[in-house]
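Reviewing the structure listed below.
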Amino acid sequence: TRALSPPQGFPGAGQAPGAPPPGAYPGAYPGAPYGGGPYGQPGPYGGPPPGPYGGAAPGGGAPPGVDPEAFSWFQAVDADHSGYISAKELKQALVNSNWSTFNDETCMLMINMFDRSRSGRIDIYGFSALLRFIQQWRSLFQQYDRDQSGSISFHELQQAFTQMGYNLSPQFSQQLVARYGQRSCPPSIQLDRFIQLCLQLQSSTEAFRERDAGQAGSARLSYEDFLTMVVTRMI
Amino acid sequence: FFFPKYGGAPGGPAFPGQAQDPLYGYFAAVAGQDGQIDADELQRCLTQSGIAGAYKPFNLETCRLMISMLDRDMSGTLGFNEFKELWAVVNGWKQHFMSFDSDGSGSVDRQELEKALVNMGFRLSPQAVTAITRRFSTHGKITFDDYIACCVKLRALTECFRRRDASQQGFVNFQYDDFIQCVMSI
Numbered sequence: 656t657r658a659l660s661p662p663q664g665f666p667g668a669g670q671a672p673g674a675p676p677p678g679a680y681p682g683a684y685p686g687a688p689y690g691g692g693p694y695g696q697p698g699p700y701g702g703p704p705p706g707p708y709g710g711a712a713p714g715g716g717a718p719p720g721v722d723p724e725a726f727s728w729f730q731a732v733d734a735d736h737s738g739y740i741s742a743k744e745l746k747q748a749l750v751n752s753n754w755s756t757f758n759d760e761t762c763m764l765m766i767n768m769f770d771r772s773r774s775g776r777i778d779i780y781g782f783s784a785l786l787r788f789i790q791q792w793r794s795l796f797q798q799y800d801r802d803q804s805g806s807i808s809f810h811e812l813q814q815a816f817t818q819m820g821y822n823l824s825p826q827f828s829q830q831l832v833a834r835y836g837q838r839s840c841p842p843s844i845q846l847d848r849f850i851q852l853c854l855q856l857q858s859s860t861e862a863f864r865e866r867d868a869g870q871a872g873s874a875r876l877s878y879e880d881f882l883t884m885v886v887t888r889m890i
Numbered sequence: 045f046f047f048p049k050y051g052g053a054p055g056g057p058a059f060p061g062q063a064q065d066p067l068y069g070y071f072a073a074v075a076g077q078d079g080q081i082d083a084d085e086l087q088r089c090l091t092q093s094g095i096a097g098a099y100k101p102f103n104l105e106t107c108r109l110m111i112s113m114l115d116r117d118m119s120g121t122l123g124f125n126e127f128k129e130l131w132a133v134v135n136g137w138k139q140h141f142m143s144f145d146s147d148g149s150g151s152v153d154r155q156e157l158e159k160a161l162v163n164m165g166f167r168l169s170p171q172a173v174t175a176i177t178r179r180f181s182t183h184g185k186i187t188f189d190d191y192i193a194c195c196v197k198l199r200a201l202t203e204c205f206r207r208r209d210a211s212q213q214g215f216v217n218f219q220y221d222d223f224i225q226c227v228m229s230i
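Respectively, the protein sequence lines represent chains Z and B. For the first sequence, the tail end lands on 890 under my numbering, and the numbers increase by one without skipping. For the second sequence, the tail end lands on 230 under my numbering, and the numbers increase by one without skipping.
This is how it looks when you write it as structure tokens:
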């Protein structure tokens, strides 16, 4: 495989919100921090001190800074009223265009992204940020889904990658559609797995980049290094 | 375990003695005309075979992973020989799991998982072990199915690396494209 060359001009600049500057690696990551933290805006993730919103707030209003709709959704999803949502509860709340619930791995990935407490669960603030995150991804997904079929085909995926600044072979896209797509004819990718594969692409690319001292598109990895990199980011 | 009525199944046995192979019965029972099994069929096949024993049988995602581990032609399905290979490997992992699941509860804890992995010969950094145990455990426990999923991923990554380590020194010079394909196909 040939060495990476910087993308011509800046592919994706018009498409991917908050696109970072060009480099040797594709860098347009929708969903990457849009200025401010991963929640898309500087926000009180530390949360206000427990007050009237500490614990379950029966019929209470949304906490400051939280969209009321997100709050009522949170309350509906937080089935056990613990004040936290687990990956399992989250799964029930998120659906694809074909009405299937989001897959376990995507739910887990997203919980990890918005879980500051490292407890495997998110509170109302994390949830509210997660909803904004999904909304951004959903609009991007809809842009790439040119024929509005509700899922992304091989060709649409190739175009999406190009717009995001990736320079990946058609064979690779083919493999990804086979791996992440539903078994329809032809296979295509729903929103949940699209998010999953983009996040994993981004994460693996970053991991590789960290080890590419010369920024030339290659890295010398030991077996242990390789396993650690992949396991901590992919799994 | 031989199902005589499947003696003439998909185009008939591909090699002499295949029909007598007890595994062929399970395989042929779910394989269609093409003599290949996909993730759903693999799940059924493994469940019927009782390989999970007293443990909960594999979920679909684990089956999908198992196929990708052995799916050399990238077809998304397994032929009988690949299935046989899978069977042998999974049996080995099962024996291993059982040896750590001393109370037969169907799950092991994080320390036992770490011991099991080291025992299998995986040299993993502490961060890797932490990441693995965090990803594969539910409430501090790792079930048989999750354990299999973990083993499949580690084995697939190991094969990926080894195939590129021509001199067997434990180092590979990866090009970005190759790395990303390797990693995303697991």
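All C-beta atoms in this analysis are idealised placements derived from N, C-alpha and C, irrespective of residue type, glycine included.
Item, Value
"Would you mind stating whether Thr756 of chain Z and Leu764 of chain Z have Cβ atoms separated by less than 8 Å?", "no"
"Cβ of Ser151 of chain B less than 8 Å from any chain Z Cβ?", "no"
"Please report the distance separating the alpha-carbon of Leu795 of chain Z from that of Leu846 of chain Z.", "10 Å"
"Is the CB-CB distance between Gly148 of chain B and Ala98 of chain B below 8 Å?", "yes"
"Alpha carbon to alpha carbon, how far is Gln225 of chain B from Pro704 of chain Z? Give it in angstroms, no decimals.", "Note that Pro704 of chain Z has pLDDT 34, beneath the 50 cutoff, so the model's placement of it is unreliable and the number below is only indicative. Using only the alpha carbons, I get a separation of about 46 Å."
"Roughly how many angstroms lie between the CA atoms of Asp759 of chain Z and Ala871 of chain Z, to the nearest whole one?", "36 Å"
"Which residue comes first and which comes last in the beta strand (DSSP E) that contains Thr187 of chain B?", "Lys185 to Thr187"
"Tell me the rounded alpha-carbon separation between Gly69 of chain B and Leu90 of chain B.", "12 Å"
"How many angstroms separate the CA atom of Ala175 of chain B from the CA atom of Gln64 of chain B?", "44 Å"
"May I ask you to report which of helix, strand or coil DSSP gives Ile777 of chain Z?", "strand"
"Along the chain, where does the alpha helix (DSSP H) that runs through Ser93 of chain B open and close?", "Ala83 to Ser93"
"Quick one: is Phe124 of chain B near chain Z, going by C-beta distance under 8 Å?", "no"
"Below 8 Å between beta carbons: does that hold for Ser828 of chain Z and Ser804 of chain Z?", "no"
"Just how far apart, CA to CA, sit Ser839 of chain Z and Ala868 of chain Z?", "42 Å"
"Using a Cβ-Cβ distance under 8 Å, would Arg199 of chain B count as near chain Z?", "no"
"For a cutoff of 8 Å on Cβ pairs, would you count Tyr220 of chain B as touching chain Z?", "yes"
"Got a sec, what are the start and stop residues for the beta strand (DSSP E) Gln219 of chain B sits in?", "Phe215 to Gln219"
"Could you tell me the alpha carbon to alpha carbon distance between Glu879 of chain Z and Pro723 of chain Z, rounded to whole angstroms?", "47 Å"
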